[in-house]
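Chemist: Next up is a structure, given as C-alpha cells.
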Amino acid sequence: MARDRDPIVKQSRREGYALHPKAHKIMARKSGIPGQHGRDRQGKVSMYAQQLREKQKVRRLYGLLEKQFSLLMKEATRTEGKSGEVLLQLLERRMDNAVYRAGFALSRRASRQLVSHGHFMLNGRRVDIPSIRLKAGDVITVRPKSVSSGYFKGLDEVIKDANQPSLGWLKSDPKKMTITITGLPARSEAEADINEQLIVEYYSR
C-alpha cells in the first residue's frame, strides 16, 4: 500500500500548518520553510503558489497521495453541490478519518495504521482499508481479538488526550468500543482553517 513517508514535522513546516499534534511544539521553535535555503524562498507568494500550498496542506492533512486526491477532486466536481465542500465531505467520510474524529487515535496517521492493521470491523466484517467511504447507518467496532490489546485497554486515556469535539455525523461509545455514523459531515465540522476554494481553483487551471 503506497504511503507518504516524508517526516510529518518537515511537511508541517513546509505548509506552515501543524499536520500532526507533535508538530505544534517543534513549529513554535522552528518556523519557516525547512532546508538550507528555506528563508531565501520566502517572499511574495503568487496566486498559483497559494493554490498549490493549500492543496498540498489538505492532501497531507488527510494522508493521501496525489493520485488519490486528484481522483477525489474529480468526483467532487461531478457531484451536485459546491465542489470544495463536497471534497471535504468525501475526505471526512474516510474510515481512518472517522476513527480519528471519534477520538480512537491521536492523529490521522495513527488511525490509518490501526485500520490497516485490521483492528476494526465495519458492519460486522473485518476491514483493513483506510479509504473505505462511510455512510449513514454504518457501525464501526473494535475487532474482538483487538479489545484485549494494551492499546484498546487504555482507550479511555487515548480519547481523553484526543479531546475531539462532539460531531453531529458520528457518535462514539468508548465502553462498547463502537462508532456509529448517523449522517453526513457538514462543512462546519471539517477543519475551519481550510480554504477549499483555492483547491478548486488549482484543479480548474
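For the sequence shown, the numbering used here begins at 26 and goes up steadily by one. Where a beta carbon is used, it is the ideal one built from N, C-alpha and C, also for glycine.
#1: Give the straight-line distance between the Cα atoms of ILE224 and GLU79, rounded to the nearest whole angstrom.
#2: Can you list, in chain order, the stretches of the beta strand (DSSP E) that have 3 or more residues and sit fully within the stretch 62-96?
#3: Taking the C-alpha atoms as reference points, what is the distance between MET146 and LYS170?
#4: Would you say THR205 and VAL152 are within 8 Å of each other, going by their C-beta atoms?
#5: Between SER141, VAL111, ALA187, which has its C-alpha nearest SER120's C-alpha?
#6: Nearest-angstrom Cα distance between GLY179 and TYR125?
#7: Assuming the contact rule is C-beta atoms closer than 8 Å, GLY149 and ARG168 should be a hit. Round their C-beta distance to whole Å, please.
#8: Count the other CB atoms, across all protein chains shown, that sit within 10 Å of the CB of MET72; report buried if there are 16 or more and exposed otherwise.
#9: What do you reckon, are the CB atoms on ARG85 and GLU91 nearer than 8 Å?
#10: Taking the continuous alpha helix (DSSP H) assigned at PHE177, which residues delimit it?
#11: Restricting to Cα atoms, I'd like to know which of PRO210, MET202, GLY128 is closest to GLN189.
Modeler: Result, derived from the coordinates:
#1: 6 Å
#2: none
#3: 11 Å
#4: no
#5: Note on identity: in this sequence residue 120 is Met, with Ser being the wrong assignment. It is SER141 whose Cα lies nearest to the Cα of MET120.
#6: 16 Å
#7: Going by Cβ atoms, the distance from GLY149 to ARG168 rounds to 11 Å, so no, they are not a contact pair.
#8: exposed
#9: no
#10: 175-178
#11: GLY128
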